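Colleague: Under our numbering, the first residue of the sequence shown is numbered 39, with each subsequent residue one higher.
C-beta: ideal position from N, C-alpha, C; glycine also.
Predicted, not measured: the structure shown is a model, and the values here were computed from it.
Sharing a structure below in structure tokens format, with a few things to ask.
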Amino acid sequence: MTSAAVSVDRLGAAWSALRAFFSDGMPALERATEAFASVEGAVRSAGDGDRLILWLLGTATALRYSRRPEPMEVGLARARELVNVVGRTQDETMTVPYRTLVEGVYRDLAWVVPSEAGAYLEQGLEYAQRTMRLAKRGARDEWLAQAQASRGDLLLEYATDRRSRRKALTAHEDARRRWPLRDPYGRAQAAIGYGRALLSLGEAARAETVVRETLPVFDAQHDRYHQAAARVLLARALYAQDDSDALDEHAAALVLYRALGCRWELARAETALG
């Protein structure tokens, strides 16, 4: 077997482990991270642009979910490199889905490093301005939906008053209107941010409706990671309505995060109900 074939096989194994993270948890993410690191030299030396894009996308995503500042910073660099490679080898408008990955890492770094949250969010929002312009130029609803949802997430984290939270909700509502029905999984992931925006404005009943729609989608995908995030949000929405089921949903989310070994997410979820 040639070295190129070996690198392709190892890259595929890395992606398999990354996909398994969402159902199996941190051990799979650790395997994915190690596998992506082990194949970097072979991928970069192969001169295959498509394979480099797959490697950069997988590496950035795996490091993003480490929830540790240093690896996440490396993931951010890889995500930005990914955008540059796609823009150089394809077309700048094709970078929109990859640009939203960059913005997502900025948002997550603001969570993980709260002392630097303002700087990360400002950089993310500045980056999002260009993403929105490119999405509008591409004139594809799925890109506009992704760009608006990503922008909405950043705006919500940066919001300091009701007016700015409303701006975040407006971005999410536009994303939801545009999201293609053929992509229920992507729509469900974006709905978590939409639900958070609704809840931030006191619209707990609407947030409950939105998040309940995501649960069967995540279940069908065997995605326990996002199911846990959705259950945390559902618990918050029920708690805001004085519904005693909030405690059961909260407990279910904690069980999922423990089973996945996601310690950072677990610690954050434990304080979700105040």
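For residue 134, name the three-state secondary structure that DSSP assigns.
Modeller: Within the sequence shown, residue 134 is the residue found at index 96, counting from 1. Residue 134: helix per DSSP, three-state reduction.
Colleague: Just the C-alpha distance for residue 59 and residue 264, rounded to the nearest angstrom, thanks.
Modeller: Within the sequence shown, residue 59 is the residue found at index 21, counting from 1. Within the sequence shown, residue 264 is the residue found at index 226, counting from 1. Using only the alpha carbons, I get a separation of about 11 Å.
Colleague: Could you tell me which of 65, 223, 62, 64 sits nearest to residue 255, measuring between CA atoms?
Modeller: Here residue 255 refers to the residue found at position 217 when the sequence shown is read from its first residue. Among 65, 223, 62, 64, the Cα nearest to that of residue 255 is on 223.
Colleague: Does residue 105 come out as helix, strand or coil in the three-state DSSP assignment?
Modeller: Taking the first residue of the sequence shown as position 1, residue 105 is located at position 67. DSSP places residue 105 in coil when its eight states are reduced to three.
Colleague: Cα-Cα, which of 146, 133, 308 is closest to residue 105?
Modeller: Taking the sequence shown and counting its residues from 1, the one referred to as residue 105 is at position 67. If we check each option's Cα against that of residue 105, 146 comes out closest.
Colleague: Mark residue 260 as exposed unless 16 or more other C-beta atoms lie within 10 angstroms of its C-beta, in which case mark it buried.
Modeller: Here the question's residue 260 lines up with position 222 in the sequence shown. Residue environment: residue 260 is assigned as exposed (fewer than 16 neighbouring CB atoms within 10 Å of its CB, all protein chains considered).
Colleague: Cα-Cα, which of 111, 135, 226 is closest to residue 268?
Modeller: One-based indexing of the sequence shown puts residue 268 at position 230. It is 226 whose Cα lies nearest to the Cα of residue 268.
Colleague: Within 7 Å: the Cβ of residue 265 and any heavy atom of the ligand MN?
Modeller: The ligand MN is not among the ligands present in this structure, which contains no ligands whatsoever.
Colleague: Is it the case that the Cβ atoms of residue 101 and residue 116 are separated by a distance below 8 Å?
Modeller: The residue given as residue 101 occupies position 63 in the sequence shown. The residue given as residue 116 occupies position 78 in the sequence shown. Yes, the Cβ-Cβ distance between residue 101 and residue 116 is below 8 Å.
Colleague: What span of residues does the alpha helix (DSSP H) with residue 210 cover, start to end?
Modeller: The residue labelled residue 210 in the question sits at position 172 within the sequence shown. Note, residue 210: alpha helix (DSSP H), 200-216.
Colleague: Between the region 298-305 and the region 52-69, do at least 3 Cβ pairs fall closer than 8 Å?
Modeller: yes
Colleague: Classify residue 219 as buried or exposed, calling it buried when 16 or more other Cβ atoms lie within 10 Å of its own Cβ.
Modeller: For this step, residue 219 is matched to residue 181 along the sequence shown. With fewer than 16 Cβ atoms within 10 Å of its Cβ, residue 219 is classed as exposed.
Colleague: Mind checking residue 54: buried by the 16 CB within 10 Å criterion, or exposed?
Modeller: Counting from one through the sequence shown, the residue named residue 54 turns up at place 16. Looking at its Cβ environment, which holds fewer than 16 other Cβ atoms inside 10 Å, residue 54 is exposed.
Colleague: State the Cα-Cα distance for the pair residue 114 and residue 98, rounded to the nearest angstrom.
Modeller: Working through the sequence shown from its first residue, we reach residue 114 at position 76. Working through the sequence shown from its first residue, we reach residue 98 at position 60. Approximately 7 Å, taken between the alpha carbons.
Colleague: So is residue 79 buried or exposed if we call it buried at 16+ other beta carbons inside 10 Å?
Modeller: Taking the first residue of the sequence shown as 1, we reach residue 79 at position 41. It counts as exposed.
Colleague: Between the alpha carbons of residue 125 and residue 194, how many angstroms are there, rounded?
Modeller: Within the sequence shown, numbered from 1, the residue matching residue 125 stands at position 87. Within the sequence shown, numbered from 1, the residue matching residue 194 stands at position 156. Those two C-alpha atoms are separated by around 28 Å.
Colleague: Compare the Cα-Cα distances from residue 109 to each of 173, 253, 71, 127 and report the closest residue.
Modeller: On the sequence shown, residue 109 is found 71 positions in, with the first residue counted as 1. Closest by C-alpha distance to residue 109, out of 173, 253, 71, 127, is 71.
Colleague: In or out: residue 305 buried (at least 16 other Cβ within 10 Å) or exposed?
Modeller: In the sequence shown, the residue the question calls residue 305 occupies position 267. Residue 305 comes out exposed.
Colleague: Nearest to residue 48 by CA position, among 296, 76, 68, is which residue?
Modeller: In the sequence shown, counting from the first residue as 1, residue 48 sits at position 10. Here the closest residue by C-alpha is 76.
Colleague: According to the neighbour-count rule (16 or more other Cβ atoms, all chains shown, within 10 Å of its Cβ), is residue 184 buried or exposed?
Modeller: As a first step, residue 184 is located in the sequence shown; it is residue number 146 there, counting from the start. Residue 184 is buried by the Cβ-count criterion.
Colleague: Around the Cβ of residue 295, are there at least 16 other Cβ atoms within 10 angstroms (buried) or fewer (exposed)?
Modeller: Residue numbering aside, residue 295 sits at position 257 when the sequence shown is read from its first letter. Residue 295 is buried by the Cβ-count criterion.
Colleague: How would you write the range of the alpha helix (DSSP H) that residue 282 sits in, first residue to last?
Modeller: In the sequence shown, residue 282 corresponds to position 244, counting from 1. Neither: residue 282 is in no alpha helix (DSSP H) and is coded neither H nor E.
Colleague: From the DSSP output, in three-state form, read off residue 168 for me.
Modeller: Locating residue 168 in the sequence shown gives position 130, where the first residue counts as 1. Here residue 168 carries a helix assignment [DSSP, helix/strand/coil].
Colleague: Spatial neighbours of residue 241 within its chain, please: CB distance less than 7 Å, with the 5 preceding and 5 following residues excluded, ordered by chain position.
Modeller: On the sequence shown, residue 241 is found 203 positions in, with the first residue counted as 1. So no residue of the chain qualifies.
Colleague: Should the region 201-214 be called in touch with the region 156-164, which here means at least 3 C-beta pairs below 8 Å?
Modeller: no
Colleague: Below 8 Å on the Cβ atoms is my contact criterion, and I expect residue 140 with residue 121 to pass it. Report the Cβ-Cβ distance as a whole number of Å.
Modeller: Residue mapping note: residue 140 aligns to position 102 of the sequence shown, counting from 1. Residue mapping note: residue 121 aligns to position 83 of the sequence shown, counting from 1. Contact between residue 140 and residue 121 holds: their C-beta atoms lie close to 6 Å from each other, under 8 Å.
Colleague: Spatial neighbours of residue 191 within its chain, please: C-beta separation below 6 Å, excluding the five flanking residues on both sides.
Modeller: Locating residue 191 in the sequence shown gives position 153, counting from the first residue. Apart from the 5 residues on each side of it in sequence, residue 191 sits with its Cβ closer than 6 Å to the Cβ of 145, 231 in its chain, given in chain order.
Colleague: Can you tell me which of 123, 180, 271 puts its alpha carbon nearest to the alpha carbon of residue 309?
Modeller: As a working mapping, residue 309 is identified with position 271 in the sequence shown. Restricting attention to 123, 180, 271, the CA atom closest to the CA of residue 309 is found in 271.
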